[in-house]
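Notes to accompany the following structure.
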Amino acid sequence: MYATERHDAIAAALQSAGRVSVAGLAEHFDVTTETVRRDLDTLESAGVLRRVHGGAVPVGRSSVVELTVAEREGQHGTAKSAIARAAMRLVPPTFTGSIALDAGTTCAAVAAELARWEPATAGATITVVTNSVPIAATLQHSQHVELHLLGGRVRGVTSAAVGTATVEQIGALRPDIAFVGTNGVSAGFGLSTPDEYEAAVKGAYVLAARRSVVLADAAKHGVEALMRFARLDEVDTVVTDQAPPADLAQAFTDADVEVVVA
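Take 1 as the starting number for the sequence shown in UniProt numbering and just add one per residue.
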């Protein structure tokens, strides 16, 4: 295979997987790791990708890049729906407790499932707390949901309440389950997001809940955004759509994190 053909194949792999590794590409193309590194250097110079430790990510993925809710709604929709359905296994029809829902499109998919959820006992309700305006709109007419919308400054990027007031409100709660979204999950850095205010809210959910459940599609595996909001050993469960790579899987095992693959 010519170098230009490898370059096209690497670009296509990045588009579909969101990340490539030097070792994986070397094995796939049956070339040396030095050849792959030269390929990645060439593609980085052309603005196609950005080099990271052990591989590369798309050029638009940096530690501070944050897409709006509208931009993210169309991304990985099938994966997010599968994750939401798997997450709902933790909320059986007999569930009668409280749920905290973080902002984000994967949490919004869980909210859509909760809107269709039916309790085992007629007239029973569950309590849902959220800082997300879109999620509150999804659940506001659900008769089986007692909805609490947290206050704070609403960020236009995420349509979520953030800030000191929001974090203080979460700190006064003890929800049975918190479903928390993330922009990245890596073996070394943990769970992260680009914005410090979003990170503070996510971290508060993790600390407050009796059981913290992180929702992360495979595109988030190995990604490190700017602000860490939790170490792996601070969360209980990760729900994802694909088995994590070996290093991340081992890190989950070491941190005693339950991994649910949708």
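We put the CB at the ideal spot given by N, CA and C, even for glycine.
Am I right that residue i and residue j are in contact with their C-beta atoms under 8 Å? What's the rounded C-beta distance?
| i | j | result |
| --- | --- | --- |
| proline 194 | leucine 226 | 5 Å |
| valine 185 | valine 133 | Actually they are not in contact, since the Cβ atoms of valine 185 and valine 133 sit about 25 Å apart, beyond 8 Å. |
| valine 259 | proline 244 | 7 Å |
| alanine 84 | alanine 109 | 4 Å |
| tyrosine 197 | valine 162 | 4 Å |
| residue 265 | isoleucine 135 | This structure does not reach residue 265, given that the chain is present from 1 up to 262, and the question cannot be answered. |
| threonine 4 | valine 22 | Rounded, the Cβ-Cβ distance is 19 Å, inconsistent with contact. |
Which residue's Cα is closest to the Cα of residue i: the options?
| i | options | result |
| --- | --- | --- |
| phenylalanine 189 | Glu168, Leu139, Ala255 and Gly163 | Ala255 |
| asparagine 131 | Leu40, Gly156, Glu118 and Glu113 | Gly156 |
| threonine 96 | Ala120, Ala79 and Ala84 | Ala120 |
| isoleucine 99 | Gly123, Ala160 and Arg210 | Arg210 |
| leucine 207 | Lys220, Arg231 and Gly222 | Arg231 |
| alanine 218 | Ala161, Ser81 and Gly151 | Ser81 |
| valine 261 | Ala161, His221, Phe179 and Gln242 | Gln242 |
| tyrosine 2 | Gly24, Ala17, Val36 and Val22 | Val36 |
| alanine 172 | Asn183, Val154 and Val201 | Val201 |
| valine 213 | Pro58, Ile177, Val22 and Asp233 | Ile177 |
| glutamate 168 | Ala160, Phe179, Leu150 and Pro175 | Leu150 |
| glutamate 224 | Leu25, Gly203, Asn183 and Leu139 | Asn183 |
| leucine 139 | Thr253, Leu114 and Gly18 | Leu114 |
| alanine 17 | Leu49, Val31, Thr33 and Arg153 | Leu49 |
| serine 159 | Ala137, Ala46, Val128 and Phe29 | Ala137 |
| leucine 90 | Val59, Phe179 and Gly47 | Phe179 |
| glycine 152 | Ser142, Ile170 and His141 | Ile170 |
| alanine 79 | Val257, Thr253 and Thr240 | Thr240 |
| residue 264 | Arg116, Ala122, Val154 and Val129 | Residue 264 lies beyond the stretch modelled for the chain, which goes from 1 to 262, so this question has no answer here. |
| glycine 203 | Glu234, Arg174 and Gly24 | Glu234 |
Between which two residues does the alpha helix (DSSP H) harbouring residue i extend?
| i | result |
| --- | --- |
| histidine 144 | Unbroken run through histidine 144: none, as it is neither H nor E. |
| leucine 43 | 33-45 |
| leucine 248 | 246-254 |
| alanine 26 | 22-29 |
| alanine 115 | 105-116 |
Since residue i sits in a beta bridge, which residues does DSSP pair it with?
| i | result |
| --- | --- |
| threonine 193 | Met227 |
| histidine 7 | None; histidine 7 has no bridge partner. |
| threonine 166 | None; threonine 166 has no bridge partner. |
| threonine 127 | Ser98 and Glu146 |
| arginine 89 | According to DSSP, which records beta bridges pairwise, arginine 89 is partnered with nothing at all. |
| alanine 161 | Val154 |
| valine 239 | Leu215 and Val260 |
| serine 132 | Ala160 |
Only counting the same chain, and skipping five residues up and downstream in sequence, which positions put a Cβ closer than 7 Å to that of residue i?
| i | result |
| --- | --- |
| valine 20 | Ile10, Ala13, Leu14, Gly55 and Ala56 |
| histidine 76 | Below a pLDDT of 50, predicted positions are generally treated as unreliable, and histidine 76, at 48, falls in that range; the measurement from the model is reported next regardless. Asp217 and Ala219. |
| proline 93 | Glu118, Pro119 and Ala120 |
| histidine 7 | Asp39, Thr42 and Leu43 |
| valine 59 | Gly47, Val48, Leu49 and Arg50 |
| arginine 174 | Ala208 and Arg210 |
For the beta strand (DSSP E) containing residue i, name the first residue and the last one.
| i | result |
| --- | --- |
| arginine 50 | 49-52 |
| glutamate 258 | 258-261 |
| leucine 215 | 211-215 |
| glycine 181 | 177-181 |
| serine 186 | 184-186 |
| glycine 55 | 55-58 |
Within its chain, find whatever has a CB closer than 6 Å to the CB of residue i; leave out the 5 residues flanking it on each side and keep chain order.
| i | result |
| --- | --- |
| glycine 181 | Asp102, Gly104, Thr106, Cys107 and Leu215 |
| aspartate 236 | Arg211 and Ser212 |
| alanine 26 | Thr33 and Val36 |
With a CB to CB cut of under 8 Å and the five nearest residues on each side skipped, what residues in its chain are close to residue i?
| i | result |
| --- | --- |
| alanine 124 | Thr96 and His144 |
| alanine 199 | Ser192, Thr193, Met227, Arg228 and Phe229 |
| leucine 248 | Val185, Ser186, Ala187, His221 and Gly222 |
| valine 65 | Note that valine 65 scores a pLDDT of 48, beneath 50, so its modelled location is shaky and nothing firm can be said. |
| glutamine 250 | Ala187 |
| glutamate 71 | Model confidence at glutamate 71 stands at a pLDDT of 48, short of 50, so the residue's coordinates are unreliable and nothing is read from them. |
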